[in-house]
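Colleague: Residue numbers (the working numbering): 63 to 265.
1) Among the residues of its own chain, which have a CB less than 8 angstroms from the CB of residue 96, if the five just before and after it don't count?
2) Taking the C-alpha atoms as reference points, what is the distance between residue 77 and residue 223?
3) Grouping DSSP H, G and I as helix and E and B as strand, with all else coil, what is residue 112?
4) Select from 67, 199, 94 the residue whose C-alpha is nearest the C-alpha of residue 248.
5) Going by beta carbon distance, what residues of the same chain come within less than 6 angstroms of residue 144, once the five residues before and after it are set aside?
6) Can we say the region 153-163 touches the region 226-235, given the rule of at least three CB pairs closer than 8 angstroms?
7) Alpha carbon to alpha carbon, how far is residue 237 from residue 196? Give it in angstroms, no decimals.
8) Helix, strand or coil: which one does DSSP assign to residue 194?
9) First and last residue of the alpha helix (DSSP H) that includes residue 249?
10) Return yes when the Cβ of residue 201 is within less than 8 angstroms of the Cβ of residue 140, no when it is not.
11) If you draw a straight line from the C-alpha of residue 259 to the C-alpha of residue 114, how long is it?
12) In three-state DSSP terms, what is residue 170?
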């Protein structure tokens, strides 16, 4: 075991994760970081309900929305570029040949610290979805996920505006929306690992 996985790791060590997938994964990591920053800003604004504290919460909301627009833009660009180049057909063929168990074994050497290894489970799901439905369909699904993260942020912002206007604290919406956002890297940072295995498979 480890034949495909070791080779993919060797090439990744030499070249790193390719763009635009590196940028996409990094931006979805920022989604979680901004969510944590936003939670802290809202907490501070609740304890110190000053104009400055509320302005800071608004600033972080805007940064979070801008980051998600960037993520959506990256995916929209890739969908169009790969349609034009015929890359989806190439990736589908490679997905069919990818030995998922083999590559997971390689990743498992460092990513199985927790009894429920989320990174490995996400990789397994991603490759399984690609094999069954096609690689483009996977990224259409991912684009829909980014849209839901955007809707999640709007719901959170609406709740915060209502809280600021009425003074009635809405903790549950903040908890729900923060949890949805901090989950993003477990899927979309893993996404760059998923696609890299296909891009480097025949190298």
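Note that beta-carbon positions come from the ideal geometry of N, C-alpha and C, so glycine has one too. Quantities reported herein were computed from a predicted structural model and do not represent experimental measurements.
Modeller: The short version:
1) 122, 125, 126, 129, 243
2) 45 angstroms
3) coil
4) 94
5) 150
6) no
7) 35 angstroms
8) helix
9) 247-261
10) yes
11) 47 angstroms
12) helix
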